[in-house]
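Inspection log for the structure reproduced underneath, given as structure tokens.
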Amino acid sequence: MLNQTPIVVVKDICKTFKIPKHAPVHALKHVTNHVEKREVLVVIGPSGSGKSTFLRALNGLQPIDSGSIVIDGVKLTDPKTDLNRLRQGVGMVFQHFNLFQHKTALENITMPQMVVLKRSRGKAEESGRRLLERVGIGEKEDSYPSELSGGQQQRVAIARSLAMTPKVMLFDEVTSALDPETISGVLDLMKELAADGTTMVVVTHEMGFAREAADRVIFMDGGEIIEEGTPEMVFDNPQHKRTQLFLSQII
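The opening residue of the sequence shown carries number 1 in my numbering; numbering runs sequentially from there.
Set out below in structure tokens:
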């Protein structure tokens, strides 16, 4: 049973991108939703539907034009809110790994802990080694990103986010830059995190993951949430014609 107190509350958010000599792009149109503690919310939809804009708005990487976002009781959209402090509780893993190329796997995990959380090097390294083991690459602590496969680099990126003990983890198409052989390993790791009760919002094209790991699925198109429900509801009995068409093309 999910905790009924949402840790993320999104109300009526809008975002328009103004492009010179082109019509404005309405990336988010009055989007309202929530995420409960320990819930796995998976966001699906075609390219350009607003999925990544929605996700990036959840930790302030993408400022919104109107509406409100509250994370664990803190209003992200309040000008007085310290966004850097709030982001400490919102981990984000991107398509591209964003690792420091001149730092080893362990150093990529320990440095943010020391700088942001003010942990001692000893405690940060202890946490880093434990997390590298957890994500299945404990033997790679001294390897540099150039010496790691794409899947291994993504595991380091996930470990780095987990090291900050976030309240919510955001995943933005984290397998899209990986080769097919490494995708399953990263998805399996994310399933383990979900099973452990990690609160997650996941933007993905991996429908198998969405069906297996999600508590709830939302389908976006044109900057709006068109349909939402359990994986069974959305995948087996979609109600909206746009959802039906999208799923018929990819499944």
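Virtual Cβ for every residue (Gly too), placed ideally from N, Cα, C.
- Look at residue 248 here: in three-state DSSP terms it is helix.
- For residue 138, no beta strand (DSSP E) run applies, since DSSP gives it neither H nor E.
- Per DSSP, reduced to three states, the secondary structure at residue 6 is strand.
- If you draw a straight line from the Cα of residue 141 to the Cα of residue 156, it comes to about 9 Å.
- Cα atoms of residue 144 and residue 245: separation of roughly 44 Å, rounded to the nearest angstrom.
- Residue burial annotation: residue 172 is buried, with at least 16 other C-beta atoms found within 10 angstroms of its C-beta.
- Take the alpha-carbon of residue 178 and the one of residue 150: they are about 6 Å apart.
- Residue pairing of residue 181 in beta bridges, as defined by DSSP: absent, with no partner found.
- Residue 224 and residue 50 have their C-alpha atoms roughly 7 Å apart.
- In this structure, residue 187 sits near residue 209, with a CB-CB distance shorter than 7 Å.
- In the DSSP assignment, residue 228 falls outside any alpha helix (DSSP H) and lies within the beta strand (DSSP E) extending over 224 to 229.
- Positions of the beta strand (DSSP E) runs, each at least 3 residues long and wholly inside the stretch 78 to 109, are given as 90 to 93 in order along the chain.
- Bounds of any alpha helix (DSSP H) do not take in residue 27; it lies within the beta strand (DSSP E) bounded by 25 to 36.
- Boundaries of the alpha helix (DSSP H) around residue 207: 207 to 213.
- DSSP, read as helix, strand or coil, puts residue 115 in helix.
- Secondary structure of residue 236 (DSSP, three-state): helix.
- Judged by DSSP in its simplified three-state form, residue 58 adopts coil rather than helix or strand.
- Cβ-Cβ distances below 8 Å link residue 228 to 33, 216, 217, 218, 219, 234 in the same chain, with the five nearest sequence neighbours on each side left out; the list follows chain order.
- If you draw a straight line from the Cα of residue 6 to the Cα of residue 170, it is about 15 Å long.
- C-alpha of residue 191 to C-alpha of residue 65: approximately 34 Å in a straight line.
- Here residue 180 is exposed: its Cβ has fewer than 16 other Cβ atoms, across all protein chains shown, within 10 Å.
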